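Undergrad:
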Amino acid sequence: MKIINTIKYLLFCSIITIGTISCSSDDNEAITPSKPKPEPESKSISKYVVGFQATPVGQAAAVDYILELPSLESLTTGEISVKGQGIPLKGWRFFHSVKNTVFTAGYSKDDKCIAYQLDEKGKLKEKANFSFASTLDNYAAIDDKTLLAVELSAALADPKATSVPDRSFYVVDAETGAVKKIETHPIDSSMGDGTKTNPAYIPWVTGMVLRDGKLFISYHKLFPDGKYVPVGVNKAYVAVLKYPEFKLEKLIEDDRTSSIGINGHSTGIEKTENGDIYSFSSSSNTAAVTGATKPSGILRIKNGSSEFDKDYFFDVEKAANGGKLFWMDYVGNGKAVGRIVLDDTLGAWGVFKEQGSFFKLVILDLVNKTITDVQGVPAHANRYTSPMFVEGGKAYLSSRVGEAIGKNGENADTGETHVYIVDPETAKATKGAKVQGLALKGIFKITN
Amino acid sequence: MSVYIFRKNSFLFFLFIGMLVCNAQYSITGVVLDQNSNPITEASIQVLELKNKGTVSDFDGKFKIETPSGVYTLKTSFIGFKDHIKKIEVDDSKTTFITIVLQEDIKQLSDVIVKGKSKAQKTREKAFEVEVIETKELKNVSADINAILTTIPGVNIRQKGGLGSDFEFSMNGLSGKQIKFFMDGIPLENFGSSLSLNNFPATLIDRVEVFKGVVPIYLGADALGGAVNIITNQRRNDFLDISYDVGSFNTHRATVNGQYYSKKGFTVQLSSFYNYSDNDYEIDDIEVRDALGNDTGVRLNNVRRFHDAYNSQMITVKAGVVDQSFADRLLVGITTSANKNEIQHPIDPQNPFGEVFTKNDVINASIIFEKANMLKERLKVKLYASIGQNNDKVVDTSARKYDWFGGFEERVDQSLGEFEFNKSLFEFKDDTHIINAFVNYKLSDYSTLNFNYTKNYIKRTGKDPAKKIRVAFQDPHILDKNILGLSYDMSLLDTKWNTTLFVKGFYLNSEAIIEDEFVNEETERFTKTNNTLEELGYGFASTYKFSDYFQIKGSFERTFRIPEGYEVFGDGLLLKSNPELSPEKSYNANLGFLLKATIHKFKLSFDSNIFLRESENFIAIKSQGIFSRFFNTADARSTGAEGEIKAIYNDALFVSLNATYQNIIDRGVGKSTGSNSLQNQRIANIPYLFGNASIGYNLKDLFSIEDQLSISWSSYYVHEYPLDSYVEGNPEDRFKILEQFSHNAQLGYSFKKGTYNISLQARNILDAKVYDNFDIQQPGRAFYVKLRYYLTN
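The listed protein sequences correspond, in order, to chains A and B. Each residue of the first sequence is one higher than the last, beginning at 1 in my numbering. Each residue of the second sequence is one higher than the last, beginning at 1 in my numbering.
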């Protein structure tokens with residue numbers, strides 16, 4: 001009977017509980033976080049921050065982490081791991097920085113962009129976040145205070161559509177991490193007339209540079225069937241917009257090489273110390289610039305001009321040690337680091353894999369138009385990357401070395417990722433820290 | 001006897017033994033009937049004087065027992081009826097035919113825990129690691145099948161929201177498509193979402209069998225991690241069963257279920273349900289953003305879900321004949337069902353949808369033939385064939401971005417949809433047919449040979465009137481699965497030792513259009529391709545009964561899950577093909593113990609199982625630039641233990657408690673990094689410790705004779721587990737699925753022999769904040785009232 005009594009007691013209690021809880025208010029209650037008290041200024045602290053892509057476990061996709069590292073040595077020696085450390089993030093992500101803020105935006109699974117900064121104590125903390133409508137596809141730190149991110153859509157699927165929708169530009173204050181305004185602009189779009197010679201296209205941005213109130217935007221023209229196939233690929237395109245008005249000034253093009261940049265990379269065009277703008281065109285089929293017959297090459301827009309420099313063309317394919325560029329990023333002193341596709345027969349998107357001997361690393365001398373193979377980095381893979389991290393004139397980048405993964409998952413265990421420290425002057429690389437994951441998507445240095 | 005003879009010549013051997021036995025014996029034949037002269041199927045008839053001599057009545061209530069001559073006591077029992085004892089004399093001068101009439105035992109009928117050897121109990125005692133849930137008592141409760149299955153040890157069902165929401169069923173660490181579902185032995189995998197487990201009210205079914213890891217051949221499918229077989233009413237009585245329940249979140253559920261048998265053997269059966277719910281429960285921690293999307297830091301609680309309604313309906317009618325010379329059962333049936341499901345949000349609940357919904361409708365025609373006692377009562381044949389069509393539609397035609405507070409804004413890009421990148425009216429049509437043949441041949445009293453063949457054919461075609469671009473499955477995909485099974489059951493050592501040996505052949509043929517991205521001409525760009533896979537699975541299940549109180553069982557199977565069409569061929573869009581994809585493969589093993597004890601008025605039972613699932617080639621999607629593809633990825637190992645204790649006192653008070661612990665690791669990860677700490681890493685986002693408890697009391701003959709008041713409390717617990725990793729990331733920053741602990745309470749009253757039933761249920765009675773999936777909050781406290789009228793002759 002003791003048990004029965006216990007049950008009776010339990011029931012009694014539960015009935016009372018129901019009564020009590022049912023009476024609680026159903027009103028919406030707001031919780032506003034209390035504002036932190038300002039603390040006295042302390043000595044500034046600098047830290048290295050990496051976007052870390054972990055090794056996938058089970059059937060899950062690889063998880064991205066943001067991880068702070070105490071010193072440069074963490075990148076040059078030992079191992080970088082997120083074991084017991086690092087902040088996990090949702091879904092596949094991009095990482096970009098503007099001065100002392102690292103932004104990370106989700107792609108498809110998470111429609112939030114989070115801004116991270118170091119707090120007063122030098123600890124990496126979320127500063128702010130904003131949500132966006134679909135996906136942010138390209139980013140640029142257009143100055144020390146502003147992140148510009150653009151939403152692109154690759155399909156014009158609606159049979160009733162009569163015009164190509166505009167692109168949305170998010171102008172983000174890097175200090176507060178907040179969106180200041182959203183501007184819309186078509187850049188360069190066309191409904192075409194349905195013929196092969198005049199097809200419909202939408203612009204796919206591959207790089208953005210701000211110079212003297214002008215925003216230079218390089219782009220591919222994509223056929224809007226959702227398959228990311230470029231049209232008019234045998235020309236380089238740049239749109240010049242007035243900034244901050246977002247008014248089109250002009251569209252410029254050049255037929256010496258193919259469309260500028262690579263889908264997913266943000267360094268299609270870049271500005272050097274003297275204000276010159278350089279762009280790279282890949283022409284690589286396997287890098288998804290399908291159908292290009294023009295050579296892979298580099299164009300220039302001189303400081304003060306908003307036209308391609310007719311007197312400058314760097315034929316990367318023809319140059320000694322050359323080939324088709326997959327990626328290029330400017331280091332300084334007229335030099336850039338590039339990845340050249342080793343085998344262009346792997347099919348469209350064939351080199352956008354986590355692992356495989358897809359690229360060689362080279363130094364491109366933009367002024368003298370020479371290419372030098374970098375010693376010390378084996379053939380490797382690295383699909384998407386944030387703008388390269390440079391300190392003391394040296395470039396720090398993450399590369400994965402290993403055989404291509406077979407369709408049944410073979411070779412997955414042969415890959416190793418390291419940070420490589422590249423000296424552009426000597427074209428020599430040293431192997432730095434081992435990454436206990438798939439890749440470092442970005443390396444940054446920030447100060448509180 | 002050598003093992004060799006055993007394996008190779010067992011057929012002849014047992015035939016020989018069988019003949020020997022037959023020659024020296026006389027037979028008692030008879031029929032078991034209820035008070036209304038309806039035959040009772042599966043009643044147990046035992047000869048008390050002869051140990052282990054007994055049988056069960058067949059479909060017509062008939063039975064036959066062979067004994068030496070003498071005087072015997074026959075004990076006949078069946079759940080819901082009082083035991084019947086009869087003395088009988090057997091000699092060679094006459095054939096003994098007896099009629100046994102069982103009296104209904106209302107006391108027993110109303111109690112599911114206290115039972116004789118019901119079908120469920122018999123299944124439980126089979127060599128397979130199987131759980132059986134009888135729904136007799138649960139029929140009065142507002143519950144769907146999922147709510148019942150989640151109380152089984154080793155089983156975890158993660159639901160995304162309220163009634164009709166998506167769910168993931170997992171069992172001993174394997175989940176999703178690795179588990180196959182059946183209804184009366186027919187695979188449900190190609191049936192639409194309106195016929196899935198979250199729709200069926202418990203009222204419509206008789207019981208559910210859950211096979212863990214090792215699956216008998218009569219469930220013909222490529223089940224990697226086990227199978228669930230829902231068994232609908234098989235009893236042969238006339239009845240009408242009507243129920244209606246109403247509850248929180250504007251939830252309404254109704255069922256009408258009935259059958260009629262004429263004297264000449266004509267029968268009509270009807271089964272139907274209707275479900276509706278607004279699912280407008282309240283959720284917490286909703287972010288408030290400004291017009292530009294910036295987080296204001298404000299979080300709102302008690303925000304009502306506003307676009308989550310679900311409705312589904314189903315009707316099945318079967319008609320035919322029973323007990324004819326040409327067939328024991330010959331039925332034709334038509335099933336039609338439909339649902340509409342509003343989608344409130346994607347994975348992240350912070351971004352609500354306001355208009356997107358999915359629809360499904362199914363029509364299916366089937367024929368069932370059953371004939372037993374052929375070839376000197378040794379052969380039994382069951383045939384099933386069906387043809388059906390299943391339509392699924394996603395309606396996503398709004399470019400609005402909704403917020404949680406009743407507002408929305410029009411997006412700049414009006415071609416965007418809410419759910420997909422572009423507006424969509426995507427629709428796919430599945431044409432299906434299923435053939436199932438099961439043959440059972442009794443070699444002797446102690447051995448049986450079974451053969452099963454299941455063909456599961458599906459042709460999928462997609463279209464999308466809202467898109468002018470190519471859509472998924474625009475060219476049909478065909479998937480033709482053929483599963484053959486052969487098993488040999490034997491019973492040795494006075495039926496104490498029962499073993500089943502089986503082999504399964506998996507044959508898959510699939511056909512699709514594959515796109516060559518490098519050819520621009522539409523006509524040459526797409527080519528038809530074929531993919532054929534053949535695999536051989538095998539296994540055994542064996543059990544030894546030391547006594548009525550202790551039983552041990554072990555089982556093993558090498559099994560496969562054959563990749564589905566879209567995993568091999570892609571969808572014709574951004575999901576690319578991988579014709580080299582291998583099937584998922586697993587070696588599954590179980591070792592179980594069953595203990596029972598009766599001490600005065602106490603009945604105790606203990607059931608436990610330890611398991612191993614050594615799996616290879618898990619199929620997962622990987623991205624390649626904008627494209628993605630299915631690859632064979634992880635090799636996993638799941639080990640664990642589960643146990644359940646049940647206690648009943650005085651046939652009135654019952655307590656049950658079960659718990660499961662499992663450890664699932666990825667055997668491959670970490671090799672590349674050369675880091676031991678990453679090797680054999682535990683796979684996250686799967687519950688690893690969970691359990692259920694329930695306690696209840698039944699009061700009988702309270703206000704009137706043959707009434708019953710039952711009261712019960714059940715609790716459900718899942719320990720906290722991480723979303724991404726057990727080792728990576730700062731432990732404080734890791735995303736977690738927090739501990740879940742929720743309680744349900746029930747109060748039921750039945751009177752007039754169970755004709756009138758009323759029950760009151762409170763789910764999540766303490767209004768706990770429960771998250772079954774990361775960030776997706778489950779309903780809070782909810783109340784349901786159910787009325788049920790059950791009339792039988």
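Idealized CB from N, CA, C, for every residue including glycine. Source: prediction; values computed, not measured.
Any residues in the segment 612 to 631 of chain B with a beta carbon nearer than 9 Å to a beta carbon of chain A? Which ones, in chain order?
TA: N617, F618, I619, A620, I621, K622, S623, Q624, G625, I626, F627, R629 and F631
Undergrad: How would you label E642(B), buried or exposed, when you count the other beta carbons within 10 angstroms and need 16 or more for buried?
TA: With 16 or more neighbouring CB atoms inside 10 Å of its own CB, E642(B) falls in the buried class.
Undergrad: Would you list the one or two residues that DSSP bridges to S542(B)?
TA: T499(B) and G554(B)
Undergrad: Rounded to whole angstroms, what's the CA-CA distance from D413(B) to T430(A)? Just pull it up for me.
TA: 47 Å
Undergrad: Please classify Q344(B): does DSSP put it in a helix, a strand, or coil?
TA: coil
Undergrad: Am I right that Y549(B) and K596(B) are in contact with their C-beta atoms under 8 Å? What's the rounded C-beta distance?
TA: 5 Å
Undergrad: According to DSSP, what are the bridge partners of R167(A)?
TA: H185(A)
Undergrad: Using a Cβ cut-off of 8 Å, which residues of the segment 724 to 736 of chain B contact any Cβ in chain A, in chain order?
TA: From the segment 724 to 736 of chain B, only D724, S725, V727, E728, G729, N730, P731, D733, R734 and F735 have a Cβ closer than 8 Å to chain A.
Undergrad: Apart from the five residues just before and just after Y784(B), which ones in its own chain have a Cβ nearer than 6 Å to its Cβ?
TA: Correct list, in chain order: S142, D245, G247 and Q761.
Undergrad: With 8 Å set as the bound, which would you pick, yes or no: does the beta-carbon of R411(B) sit closer than that to a beta-carbon of chain A?
TA: yes
Undergrad: Can you tell me which residues form a DSSP beta bridge with S366(B)?
TA: G333(B) and S386(B)
Undergrad: Let me confirm a value: L702(B) is counted as buried when at least 16 other C-beta atoms fall within 10 Å, else exposed. Which label applies?
TA: exposed
Undergrad: Rounded to the nearest angstrom, how far is the Cβ of N663(B) from that of Y688(B), given a contact under 8 Å?
TA: About 7 Å; that satisfies the 8 Å criterion.
Undergrad: Going along chain A in order, which residues have a C-beta closer than 9 Å to the C-beta of L292(B)?
TA: F130, Y170, A178, V179, K180, K181 and I182
Undergrad: Name the residues in the segment 678 to 694 of chain B whose C-beta lies less than 9 Å from a C-beta of chain A; which are they?
TA: Residues are counted here when their Cβ sits less than 9 Å from a Cβ of chain A; for the segment 678 to 694 of chain B these are L678, Q681, R682, I683, A684, N685 and I686, given in chain order.
Undergrad: Check for me: the beta strand (DSSP E) holding S547(B) runs from which residue to which?
TA: From DSSP, S547(B) is part of no beta strand (DSSP E); its letter is neither H nor E.
Undergrad: Of all the residues that make up the segment 413 to 445 of chain B, which are near chain A by a beta-carbon distance shorter than 7 Å?
TA: D413, Q414, S415, L416, F421, N422 and K423
Undergrad: Within the 8 Å Cβ cut-off, does I87(A) reach chain B?
TA: yes
Undergrad: Taking the straight line between their C-alpha atoms, what separation do you get for K335(A) and M388(A)?
TA: 13 Å
Undergrad: Is DSSP giving Y490(B) helix, strand or coil here?
TA: It should be noted that the sequence gives Met, not Tyr, for residue 490(B). In this structure, M490(B) counts as strand in the three-state DSSP scheme.
Undergrad: Within 8 Å (strictly less), CB to CB, does P424(A) reach chain B?
TA: no
Undergrad: Helix, strand or coil: which one does DSSP assign to T123(B)?
TA: helix
Undergrad: Could you give the first and the last residue of the continuous beta strand (DSSP E) run that contains K864(B)?
TA: Any answer about residue 864(B) is impossible in this case: the structure gives chain B only from 1 up to 793.
Undergrad: Report the residue from G226(B), D206(B), T639(B) and T792(B) whose alpha carbon sits nearest the alpha carbon of P187(B).
TA: G226(B)
Undergrad: With DSSP collapsed to three states, give me the class of Q681(B).
TA: strand
Undergrad: Once the 5 residues before and after A133(A) are set aside, which same chain residues still bring their CB inside 7 Å of it?
TA: Contacts found: E151 and S168.
Undergrad: Using a Cβ-Cβ cut-off of less than 9 Å, list which residues of the segment 579 to 596 of chain B approach chain A; keep chain order.
TA: Of all residues in the segment 579 to 596 of chain B, only P579, E580, L581 and S582 place a beta-carbon less than 9 Å from a beta-carbon of chain A.
Undergrad: Taking just the CA atoms, how far does N360(B) sit from P476(B)?
TA: 19 Å
Undergrad: Indicate whether A292(A) and V341(A) have their beta-carbon atoms separated by less than 8 Å.
TA: no
Undergrad: Cβ of R400(B) less than 8 Å from any chain A Cβ?
TA: no
Undergrad: Strictly under 8 Å for the Cβ-Cβ distance: is P165(A) near chain B by that measure?
TA: yes
Undergrad: Near I145(B), which residues of its chain fall below 6 Å by C-beta distance, leaving aside the five closest residues on each side in sequence?
TA: L197 and F200
Undergrad: Residues of chain A with a CB under 9 Å from the CB of R470(B): which are they?
TA: Correct list: D225, G226 and K227.
Undergrad: Excluding the 5 residues flanking P378(A) on each side, which residues of the same chain have their C-beta closer than 7 Å to its C-beta?
TA: V401
Undergrad: DSSP has V172(A) in a bridge; who is on the other side?
TA: Beta-bridge pairing links V172(A) to L147(A) and V179(A).
Undergrad: In chain B, which residues lie less than 7 Å from D110(A) when you measure between Cβ atoms?
TA: D348
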